[in-house]
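Under the working numbering, think of the first position of the sequence shown as 207, with each following residue one higher.
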Amino acid sequence: MDLVILDVDMPHLDGLGVLEELRAQVRTACLPVIMLTAQDGETEEKARDLGANDYLGKPVQTRSLLGRVRAVLKRVSS
């Protein structure tokens, strides 16, 4: 797995909790994560504090998401 795109608001799951678990596990601690949400700036701050590499508000435009994916992958590969 090269990158995770994670929605903050998922049925039966809390995306911020999933991010926290990813960062707590040795195998996934450095895995790049882009968070998606329709929530406010406070949620973005929490996501960044938990280690999200990037953050996009919904609705997400495909071109914008692809650009962010490329940018994150480039940052983590250098």
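Beta carbons: idealized from backbone N, C-alpha and C, even for Gly. As the structure is a prediction and not an experimental result, all values here were calculated from the model.
Going straight from the alpha carbon of residue i to that of residue j, what length do you get?
i	j	result
Val210	Leu237	7 angstroms
Gln231	Val224	11 angstroms
Leu219	Gly273	27 angstroms
Ser270	Leu279	14 angstroms
Asp208	Pro217	24 angstroms
Thr268	Leu262	11 angstroms
Pro265	Leu212	14 angstroms
Assuming contact is defined by CB atoms lying nearer than 9 angstroms, are residue i and residue j in contact in what I supplied?
i	j	result
Ala277	Asp255	no
Thr234	Asp215	no
Ile240	Val282	no
With 16 other CB atoms within 10 Å as the buried threshold, where does residue i fall?
i	result
Gly247	exposed
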